[in-house]
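Encoded as C-alpha cells, the structure appears first; notes follow it.
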Amino acid sequence: MGIVQSAFVAVFLLISTTVLSEIRDPGEHFFHSTFGDFSEELEIAREEGKKGVFLFFEEDDCPFCARMKATILNQSAVQDFYRDHFQIYRVNIKGEVEITNFKGEMMLEKHFAEKKNRVRATPLMAFYNLDGEMVVRYTGAASSQKEFLLLGQYAADQHYLKSSFSRYKRQQRN
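In the working numbering, the protein residues as written are 18 to 191.
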C-alpha cells in the first residue's frame with residue numbers, strides 16, 4: 018500500500034471512529050427509565066432543576082419513530098442537551114400498561130395518549146412545563162438533528178410564549 022493510500026485509510030478510520038463515538042443507544046442514553054408515574058417524574062424534574070418533561074409518543078410499527086431513533090435520538094449532542102433540560106420518557110400510544118398522568122390519575126397508556134393528549138399520529142413530541150401542562154406539541158419526525166435541537170431550545174427557553182416554532186426556526190436561520 019502506498020503512502021497516499023495509507024493516509025486515506027488512516028483518515029477514513031479516524032472519521033469513522035469519531036462518528037461512531039457520537040452514536041449511542043437512545044434507549045439507554047436518551048430516554049429515562051420510568052415506572053409510569055408521570056406526577057412523580059414531574060417532581061423529579063423539579064428537584065433536578067429541569068425545564069420540564071418531554072414525552073415521545075410512539076408506536077411499534079411507526080417508521081418515522083424508528084427513523085428518529087436511528088438518526089437523531091442516537092446522537093450524543095441531542096442526548097446530552099435533552100437530558101440536561103428535560104426528564105424524557107416514551108409513551109406507546111397503543112400501550113396497555115397502566116400509568117399515572119401528571120394529575121395523579123391512573124389510566125392505560127393508550128388512553129393517556131388518545132384521550133388526554135389527542136395523539137392521532139406518531140411520533141408526537143410533547144413538552145410539559147413543571148406544572149404538568151403541555152406547552153409545546155410537535156407532530157411528525159424532525160427533519161434533522163439541528164431541527165430537533167432547535168425544538169428543544171424553543172421549549173427550554175420558553176420561546177413558545179412569544180412565537181410559533183416555525184417563526185422561531187426562521188429567525189434562527191438569519
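Ideal placement from N, C-alpha and C gives every residue a C-beta, glycine not left out. This one's a predicted model, so the numbers in the text were calculated from it and none came from an experiment.
{"Asked": "How should Pro80 be labelled, buried or exposed, when 16 other C-beta atoms within 10 angstroms of its C-beta is the threshold for buried?", "Found": "exposed"}
{"Asked": "Going along the chain, which residues of its own chain have a beta-carbon closer than 6 angstroms to the beta-carbon of Leu90, five neighbours each way excluded?", "Found": "Pro43 and Phe47"}
{"Asked": "Leu166: which of Arg135, Ser50, Glu122 and Phe182 sits nearest, CA to CA?", "Found": "Phe182"}
{"Asked": "Below 8 angstroms between beta carbons: does that hold for His102 and Ala173?", "Found": "yes"}
{"Asked": "Just grab the DSSP bridge partners of Met123 for me.", "Found": "Thr117"}
{"Asked": "To test your reading of the DSSP string, which unbroken alpha helix (DSSP H) runs of 4 or more residues are found completely within the stretch 64-111?", "Found": "80-88 and 93-102"}
{"Asked": "Run the CB neighbour count on Glu115, radius 10 Å, all protein chains shown included, and call it buried at 16 or more, exposed below.", "Found": "exposed"}
{"Asked": "For the alpha helix (DSSP H) holding Ala143, just list the boundary residues, first then last.", "Found": "Here Ala143 belongs to no alpha helix (DSSP H); instead the beta strand (DSSP E) covers Leu141 to Tyr145."}
{"Asked": "Which residue from Ala83, Thr139 and Gln170 puts its Cα closest to that of Phe98?", "Found": "Gln170"}
{"Asked": "Please report how far the alpha carbon of Gly53 lies from the alpha carbon of Ser180, in whole angstroms.", "Found": "32 angstroms"}
{"Asked": "Once you ignore the five residues that flank Ala94 on each side, which residues in its own chain have a CB closer than 8 angstroms to its CB?", "Found": "Glu39, Gln162 and Leu166"}
{"Asked": "For Ser72, which residues in the same chain have their Cβ closer than 6 angstroms to its Cβ, ignoring the five residues on either side in sequence?", "Found": "Reading off the sequence, residue 72 comes out as Leu, not Ser. Tyr106, Val108 and Ala143, listed in sequence order."}
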